[in-house]
Amino acid sequence: NSRDDVVDDEDDDDARERDESITIYFYEPLMKPVEREVLETFHVRIIETNEHGKRCVHDKRKTLFYMPHCPMRLYSNVVWANWGDNLVRN
Numbered sequence: 004n005s006r007d008d009v010v011d012d013e014d015d016d017d018a019r020e021r022d023e024s025i026t027i028y029f030y031e032p033l034m035k036p037v038e039r040e041v042l043e044t045f046h047v048r049i050i051e052t053n054e055h056g057k058r059c060v061h062d063k064r065k066t067l068f069y070m071p072h073c074p075m076r077l078y079s080n081v082v083w084a085n086w087g088d089n090l091v092r093n
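Positions in the sequence shown are counted from 1; adding 3 to them yields the working numbering.
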């Protein structure tokens, strides 16, 4: 019985991982209306104002900033906005 209980617990963990949703935020200063429409179809949240890379992550979930071909200043701003213990954890 205890072996069956362990298997059931593992199945529950797998189900929780599959059901866990993520939130995606997107910013593009030159976004076209059709691009916005496509992103909204996939429930991507559009960042309306230019934060200059200073978005601070407060929650405990892992965070990925995907910033290809950005000026070095934007990368630096992201690091400084999230500097501290939170930076290592995420």
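Where is the CB? At the ideal position from N, CA and C, for every residue including glycine.
Check                                                                                                 : Outcome
Checking the sheet assignment: what are the DSSP bridge partners for residue 78?                      : DSSP output for residue 78 lists no bridge partner at all.
Under the DSSP definition of a beta bridge, which residues are partnered with residue 48?             : 28
What is the DSSP secondary structure of residue 40, counted as helix, strand or coil?                 : helix
Do the stretch 25-32 and the stretch 48-57 meet, that is, are 3 or more Cβ pairs less than 8 Å apart? : yes
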